[in-house]
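Take 46 as the starting number for the sequence shown in the working numbering and just add one per residue. Below is one structure, written out as structure tokens; comments come after it.
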Amino acid sequence: MPDPGHWTIGLSGAAAVAALCYLIGSIPFGLLLTRLAGLGDIRSIGSGNIGATNVLRTGNKRLAAATLALDAGKGAAGALAGGLFAPEGALIGAVAVVVGHMFPVWLGFRGGKGVATGFGALTALAWPSGLIAVAVWLAVVLVFRISSLAALVTTLLVPLHVWYFTDLWTALAVAIVCALIWSRHHQNIGRLLRGEEPRIGRDNRE
């Protein structure tokens, strides 16, 4: 990835990439799929989140899996679409697509927490890091059975191995995404510190 001083995308190009990828990220697949399935508004149950974890609380595992795949897919699409403009556009696209998922204009800027979408963008930028992230997430879930803790531990480590596999600027872009994910987990962090965070399969909150 070239140094920012040698980026060729330009201000107008960067703005176009950011806008396009924000719109891609803002597609609320969890909400759309549950409504199409006749399950109502996913925001009215569980944590109120539009992501796959909350979709799973409807009892429909296939719908949750589809939400997970589509959210990750749009993350990858954002990074790849940005890369079509210029190599550095992939970094802008990766950040913008996650912002779109978290703060979709269609839902009053109240979206998801960005874990699946961030994973998709990460995999598009550095697939070895994507594999490591999956391994870390699964390991934490298997040991502690807490989805939010797995997401937090995974995203804490991601910028380090991204830097190893790519370069500083890609790692910084990924670090921004990870910081956004942490900010969206502030309630979970509070519950973790109090020992009140529910374990997978035992509660309706995320």
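Note that beta-carbon positions come from the ideal geometry of N, C-alpha and C, so glycine has one too. Bear in mind the structure is a predicted one, so any value in this text is a computation, not a measurement.
Linking residue 101 to residue 109 through their CA atoms gives a straight-line distance of about 5 Å. The C-beta separation of residue 230 from residue 193 comes to about 6 Å, placing the pair in contact by the 8 Å criterion.
Residue environment: residue 106 is assigned as exposed (fewer than 16 neighbouring CB atoms within 10 Å of its CB, all protein chains considered). For the set 63, 79 and 70, the Cα lying nearest the Cα of residue 154 is the one of 70.
Using a Cβ distance threshold of 9 Å, residue 121 and residue 169 count as a contacting pair. Residue nearest to residue 241 within the set 201, 225 and 191 is 191 (criterion: CA-CA distance).
The beta carbons of residue 225 and residue 159 sit closer together than 9 Å. Within 10 angstroms of the beta-carbon of residue 174 lie 16 or more other beta-carbons, which makes it buried.
In the DSSP assignment, residue 206 falls within the unbroken alpha helix (DSSP H) covering 192 to 210.
The DSSP assignment places 74 to 81 and 97 to 101 as complete runs of the alpha helix (DSSP H) inside the stretch 72 to 128, in order along the chain (cut-off: 4 residues). A residue is called buried when at least 16 other Cβ atoms come within 10 angstroms of its Cβ; residue 115 meets this threshold and is buried. The beta carbon of residue 186 lies closer than 6 Å to those of 195 in the same chain, with the five residues before and after it left out. About 6 Å separates the Cβ atoms of residue 165 and residue 118, confirming a contact at the 8 Å cut-off.
Here the C-alpha atom of residue 94 lies approximately 6 Å from the C-alpha atom of residue 88. Contact annotation, residue 144 with residue 67: C-beta distance approximately 6 Å; criterion of less than 8 Å satisfied.
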